[in-house]
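Numbering (the numbering used here), first residue to last: 27 to 120.
Just so it is clear, CB atoms sit at the ideal spot from N, CA and C, and this is done for glycine as well.
A short write-up of the structure that comes next.
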Amino acid sequence: LRKKDIDAALAAVNQVQSAVIEVKKLVPDAATKVEGEDASAIKSDFRQRLIVVLEQWLFVEKALLQGKMEEAAKFMKTISEMKKSAHEEYEVED
27 LRKKDIDAAL AAVNQVQSAV IEVKKLVPDA ATKVEGEDAS AIKSDFRQRL
77 IVVLEQWLFV EKALLQGKME EAAKFMKTIS EMKKSAHEEY EVED
């Protein structure tokens, strides 16, 4: 990638990282359908998954900064798989 392409990719990664941080503040719909320990478990799982997603985006950013495009793509594939799995489990529509 050329420098301007990397700069654009890094800007996009920063936007996604910010969005993940905002989403962590939310309560998943699945947690509103149950009570007590079940709701707490869902909220905890939701937040922990998003922490892992944020970590993956940090790995993408680091790989881009180091010029390791294949590595960045690998992390992005992992993120995509995590999203699909979580959305299926929590019945989220894209």
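| Check | Outcome |
| --- | --- |
| 8 Å CB neighbourhood of K69 in its chain, flanking five on each side removed | V53, P54, A57 |
| For S111, the nearest candidate out of K50, A67, D64, V79 (CA to CA) | V79 |
| Secondary structure of R28, DSSP reduced to three states | coil |
| Closest Cα partner of E117 within the set Q74, E97, A67, K59 | K59 |
| Element boundaries [alpha helix (DSSP H), containing D64] | 62 to 91 |
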